[in-house]
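Quick note on UniProt numbering: the sequence shown kicks off at 1 and runs consecutively.
Structure first, then comments.
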Amino acid sequence: MKIYVGNMTELMTEETLRQAFEAFGEVESAKIITNRFNGRSKGFGFVEMPSNSEADKAIKALNGNIVDKKPIKVNHADSGGKKKKKPFRRRNY
């Protein structure tokens, strides 16, 4: 299961992110999204866990936890598909 982790500080590393989730089970990957120009964290990342039950436990336990003086946001990641655009509507003025 892919898990979204947001509201992270720039000090968070992929290793500390992995360690936080390993307390709840096996972690396949932990990735922090960075700015391609300066390499700094964008404040969010993704963790993948093979077991859905372990992932659910991690989400419930870690969502809202204070890490480096900020509450992190943890929930299921979107399926990755593009969001549907609303059809264009002409307004009559």
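Ideal Cβ positions, reconstructed from N, Cα and C, are used throughout, including at glycine.
| Asked | Found |
| --- | --- |
| CA nearest to the CA of Arg40, picked from Met8, Ala77, Val74 | Met8 |
| Paired residues, beta bridge with Pro50 - DSSP | Answer by DSSP bridge pairing: none, since Pro50 is not bridged. |
| N- and C-terminal bounds of the alpha helix (DSSP H) containing Ala20 | 14 to 22 |
| Close-in-space but distant-in-sequence residues of the same chain around Phe24 (CB under 7 Å, 5 per side omitted) | Glu54, Lys57, Ala58, Ala61 |
| Three-state secondary structure (DSSP) of Lys42 | strand |
| Nearest to Glu22 (by Cα), restricted to the options Phe37, Asp68, Val47 | Val47 |
| Close Cβ partners of Ala77 (< 7 Å) along its chain, the five nearest in sequence each way excluded | Lys2, Ile3, Tyr4, Phe46 |
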